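Novice: Take a look at this one; I'll ask things after.
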Amino acid sequence: MVQYIKETYGNDKWDKIRNDIGLEQTSFSTHQVYGENIIPKLGAKAIEVLNITEKEFFYQMGVFFVSFVRPYGYDRVLLVLGRHMRDFLNGLDNLHEYLKFSYPRMKAPSFICENETSQGLTLHYRSKRKGFVYYTMGQIQEVFSRLSFRY
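In structure tokens, the structure reads:
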């Protein structure tokens, strides 16, 4: 979230958001565990300060995340999940299980595909964490726009 806000809206906006909620730290480490309320709190303040909708903020943050992790090779990891959209989406649960080795306290979502036709499919997204639907939508749609999947 920090990089998304800084790169999209600037350091001044990040500092305002951070200061408004009383957050002293200026950055986050991927290998440190943070409280469950920090993302919703930062998100709510960002939406207010940036004067955008929750959907727009979290969706665009999901899109940004796909580009952000690409230099670290995650796009290649995503390609091994399957060549078809259904296989890729069904493989996301396995990817999250694998990531739990690095992030053991991660609360992974679950993805289930059904009703597949030549026009699309129904994706069921379940998560114990609230507020990540639009973020997940942004990620998935960005992955499909960048990587070549068969339908």
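Numbering (my numbering), first residue to last: 36 to 186.
By construction, the Cβ of each residue, glycine as well, lies at the ideal position given by its N, Cα and C atoms.
What you are looking at is a predicted structure, and each value in this text was computed from that prediction instead of being measured.
Distance, Cα to Cα, Leu156 vs Asp122?
Specialist: Those two C-alpha atoms are separated by around 12 Å.
Novice: What did DSSP end up calling Asn150 once you bin it into helix, strand or coil?
Specialist: Asn150: strand per DSSP, three-state reduction.
Novice: If you follow the beta strand (DSSP E) that Thr157 is part of, which residue opens it and which one closes it?
Specialist: Thr157 -> beta strand (DSSP E) spans 155–161.
Novice: Is His119 helix, strand or coil by DSSP?
Specialist: It is a strand residue.
Novice: Under a three-way DSSP split, which group does Ser102 fall into?
Specialist: The answer is helix: DSSP assigns Ser102 an H, G or I state.
Novice: Does the beta-carbon of Gln187 have 16 or more other beta-carbons within 10 angstroms, so that it is buried, or is it exposed?
Specialist: As displayed, the chain neither begins before 36 nor continues past 186, which places residue 187 out of reach and without an answer.
Novice: Can you round the beta-carbon distance between Gly166 and Gly78 to whole angstroms, since I take them to be within the 8 Å contact cut?
Specialist: Correct: roughly 6 Å between the Cβ atoms.
Novice: So, are the CB atoms of Tyr169 and Phe93 less than 7 Å apart?
Specialist: Taking 7 Å as the Cβ cut-off, Tyr169 and Phe93 qualify as a contacting pair.
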